[in-house]
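Trainee: In our numbering, the protein residues as written are 14 to 207.
Glycine included, every Cβ here is placed at the ideal spot set by N, Cα and C.
Below is one structure. I have some questions about it.
Okay, structure coming up:
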């Protein structure tokens, strides 16, 4: 509805601007009913310049109105979008707001929180399989959620995090990580044997 209104106003304004320009040209002598003696281009441009000066105030006001209208329609759209976005965040919990972007990728936040709860102070973790290790989004979000626990190589890790893969199909040292705890299908942790 608003776009239709804005489009209509722009058309009305454009017709008005064309009318002003045609009026300026007609008052300069173009299309005048009685013939005039032939004059050089210099005199012709002087007449047009004089007519434009005569209507410069009207043209200036029309341009100022257009510029103001265009500015405020853009500003209003920006502020309306911003307030709508902010009002959508009002109902989010602190945790939901912190992890909002995690939903956009492959990060399973409940699982990452489960992993963090299973890490003791000073312990490190490793991601498996290789696809999860190489997925930048998963690696960054897991690093963020696991702070202060460090992401390590499988040989040095205290906990193996199997992310988005069947634990039976993942290639890892099953003697070193003997205790497997499945969070949900495709997500599990394997604790290092003591």
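Whose C-alpha, out of 104, 166, 135 and 180, is nearest the C-alpha of residue 7?
Mentor: The question about residue 7 has no answer here: the residues shown for the chain are numbered 14 through 207.
Trainee: How is residue 195 classed by DSSP in three states: helix, strand or coil?
Mentor: The answer is strand: DSSP assigns residue 195 an E or B state.
Trainee: Is it right to say residue 44 is buried, meaning 16 or more other beta carbons lie within 10 angstroms of its own, or is it exposed?
Mentor: Reliability of the predicted coordinates at residue 44 is poor, the pLDDT of 48 falling under 50, and the value obtained from them is presented with this limitation in mind. Counting Cβ neighbours within 10 Å, residue 44 comes out exposed, since fewer than 16 surround it.
Trainee: With 16 as the cutoff for other CB atoms within 10 Å, does residue 206 come out buried or exposed?
Mentor: Flag for residue 206 reads exposed.
Trainee: Is it true that the CB of residue 203 sits closer than 9 Å to the CB of residue 220?
Mentor: Outside the shown range of the chain, which is 14 to 207, sits residue 220, and nothing can be said about it.
Trainee: Please work out which residues of its chain come closer than 6 Å, Cβ to Cβ, to residue 141, disregarding the five sequence neighbours upstream and downstream, and give them in chain order.
Mentor: Only 173, 175, 183 and 185 meet the Cβ criterion.
Trainee: List in chain order: all unbroken beta strand (DSSP E) runs of 3+ residues lying wholly within the segment 126 to 152.
Mentor: Correct list: 138 to 141.
Trainee: Name, in chain order, the residues that DSSP records as bridge partners for residue 174.
Mentor: Answer by DSSP bridge pairing, in chain order: 140 and 202.
Trainee: Rounded C-beta distance between residue 178 and residue 154? I'm assuming under 8 Å.
Mentor: Not really, about 17 Å apart at Cβ, beyond 8 Å.
Trainee: Our contact map puts residue 129 next to residue 159 with C-beta atoms below 8 Å; I'd like the distance itself, whole angstroms only.
Mentor: That belief holds up - the Cβ atoms of residue 129 and residue 159 are roughly 6 Å apart, short of 8 Å.
Trainee: Please state whether DSSP places residue 163 in a helix, a strand or coil.
Mentor: In this structure, residue 163 counts as coil in the three-state DSSP scheme.
Trainee: Starting from the C-beta of residue 193, find all residues in its chain whose C-beta is less than 7 Å away, skip the five residues before and the five after it, and write them out in chain order.
Mentor: Excluding residues within five positions, the ones whose Cβ falls inside 7 Å are 180, 201 and 203.
Trainee: What is the DSSP secondary structure of residue 6, counted as helix, strand or coil?
Mentor: Only positions 14 to 207 of the chain appear in this structure, which leaves residue 6 out of reach.
Trainee: Report yes if the CB atom of residue 170 is closer than 9 Å to the CB atom of residue 137, and no otherwise.
Mentor: Cβ distance < 9 Å, so residue 170 and residue 137 count as in contact.
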